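If you're matching positions, the sequence shown starts at 1 in the UniProt record's numbering and goes up one per residue.
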Amino acid sequence: MSFLKPKTHIEQGDIVILYLSVNSMHAIEAVPTIVNKKGETIAHIFQTPYGSLKVQSIIGVEYGSRVELSKGYAHVLQPNPELWTQTLPHRTQIIYTPDISMILHQLEVRPGAVVVESGTGSGSLSHYFLRALKPTGHLHTFDFHEARADQARDEFKRHGLADFVTVYHRDVCNLGFTSELDGVADAVFLDLPSPDLAVPHAFKALKLSGGRFCSFSPCIEQSQRCINVLTKLGFNEICSMEVLQQESVIKTRSFPVIDLEFLKAPKSSEPNANDDSKTKDPKELKKYLTSSNPQVLPGHTGFLTFATLPPNVPKA
1 MSFLKPKTHI
11 EQGDIVILYL
21 SVNSMHAIEA
31 VPTIVNKKGE
41 TIAHIFQTPY
51 GSLKVQSIIG
61 VEYGSRVELS
71 KGYAHVLQPN
81 PELWTQTLPH
91 RTQIIYTPDI
101 SMILHQLEVR
111 PGAVVVESGT
121 GSGSLSHYFL
131 RALKPTGHLH
141 TFDFHEARAD
151 QARDEFKRHG
161 LADFVTVYHR
171 DVCNLGFTSE
181 LDGVADAVFL
191 DLPSPDLAVP
201 HAFKALKLSG
211 GRFCSFSPCI
221 EQSQRCINVL
231 TKLGFNEICS
241 MEVLQQESVI
251 KTRSFPVIDL
261 EFLKAPKSSE
271 PNANDDSKTK
281 DPKELKKYLT
291 SSNPQVLPGH
301 TGFLTFATLP
311 PNVPKA
């Protein structure tokens, strides 16, 4: 029940983030025993680069605490969508926080809204949707791969989110989102190889009062085909964008600066024995705090295509 609401202490069965460093985090289940490959029940001991952790020892510990490993230490954190995205088991390629933040903003996801998603994949984006929709909204998420749908359903249940999500095993490109979802969605999100085939079904799922649409596509050709169908169906405010996260490099640098104060001094016809302006170097080094772009820029993730369905568009 780790994702349901904020908690103070770790309970048995919780999913816990074991934080070693920014680039080393692990999601573990707080259970004292596990079943190994031979079918034997053994003590749950988690191995890390800094030694082993007896998982039973963290049950009852306060979230955020430092825990001892056999060769070091770590911190135990309550999971949230950001931490889960960095530690979840990958069943498919996932969408990361820079794209997800734009998706949530553009789709206007809020408590009480109904969102239709396809495909579920590893559930990275789904957890963000659920945090934004709770406690009165609902997520309907689809995946054409039965095993992935079953895994996602089990994951949501173990995370305490089952009341807010319905998982479907269905090929939405050919079969649509089921007639029960016609006209119920405030927003539709597609992460499919051929999103243009599912756009008519998204059109039917959106409410008569209108709604927002988004498609994530690695290739611009997929986005172009999607836009053509969106235009024919009466969507407006159509745009495609690419989100690239770029960190500025901040450092102190020294630059030679010419001191022009000597120009303000009055000229004198008689030389002054104490005047050292002629011997003084007019250039001196000054330190400035600077910002520059990194030498290596982040690579391409995908194109986000957004559109709005206006109210009362006829649905044949």
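Note that beta-carbon positions come from the ideal geometry of N, C-alpha and C, so glycine has one too.
Keep in mind that this is a model prediction, so the values were computed, not measured.
So within the stretch 82 to 109, which uninterrupted alpha helix (DSSP H) runs reach at least 4 residues, ignoring any that extend past its ends? 97 to 107
Point to revise | Which listed residue (24, 252 and 33) has its alpha carbon closest to that of residue 285 | key: 252
Review point. What do you get for residue 175, buried or exposed, if any count of 16 or more other CB atoms within 10 angstroms of its CB means buried?
Key: Per the 10 Å Cβ criterion, exposed.
- Message: Rounding to the nearest angstrom, what Cα-Cα distance links residue 14 and residue 225 in this structure?
- Response: 44 Å
For this session: Could you check the C-alpha separation between residue 78 and residue 182 for me, to the nearest Å?
Result: 37 Å
Exercise. In the DSSP assignment, what are the bridge partners of residue 245?
Worked result: None; residue 245 has no bridge partner.
Q) What residue from 93, 207, 46 and 136 has the CA that sits closest to residue 111's CA? A) 136
Would you tell me roughly how many angstroms separate the C-alpha atoms of residue 62 and residue 314, rounded to the nearest one?
So the two alpha carbons sit approximately 55 Å from each other.
Report yes if the C-beta distance between residue 172 and residue 153 is below 8 Å; otherwise report no. no
- Shortest alpha-carbon distance to residue 132 belongs to which of 65, 105 and 256? 105
| request: Return the CA-CA distance between residue 373 and residue 149, expressed in angstroms with no decimal places. | output: A query on residue 373 cannot be resolved here, the shown segment of the chain reaching from 1 to 316 and no further.
Going by C-alpha to C-alpha distance, which of 247, 237, 100 and 230 sits closest to residue 292? 247
Next item on the list: On the DSSP bridge assignment, give the partners of residue 47 in chain order.
Entry: The secondary-structure analysis by DSSP pairs residue 47 across a beta bridge with 52.
Practice prompt. Select from 89, 81, 50 and 82 the residue whose C-alpha is nearest the C-alpha of residue 70.
Written response: 50
*Rounded distance between the beta-carbons of residue 33 and residue 45, thought under 8 Å*: About 10 Å separates the two Cβ atoms, so there is no contact after all.
Where do the ends of the beta strand (DSSP E) carrying residue 143 lie? 138 to 143
So the candidates are 239, 72 and 116; which of them puts its Cα closest to the Cα of residue 165?
116
Task: Own chain partners of residue 127 with C-beta closer than 6 Å, once the 5 adjacent residues on each side are dropped - done: 81 and 84
Might you give, ordered along the chain, the residues of its own chain that have their beta carbon closer than 7 Å to the beta carbon of residue 197, omitting 5 neighbours on each side? 173
- Query: What residues in its chain sit with their C-beta under 7 Å from that of residue 192, if we drop five residues either side in the sequence?
  - Reply: 118, 119, 173 and 198
Bridge partners of residue 77, per DSSP?
17
- Could you tell me how far apart the beta carbons of residue 235 and residue 308 are, in whole angstroms, since I believe they sit closer than 8 Å? 6 Å
Pairwise C-alpha distance: residue 229 and residue 27:
41 Å
Between residue 241 and residue 139, which are expected to be in contact by the criterion C-beta below 8 Å, what is the C-beta distance as a whole number of angstroms?
24 Å between Cβ atoms; not a contact.
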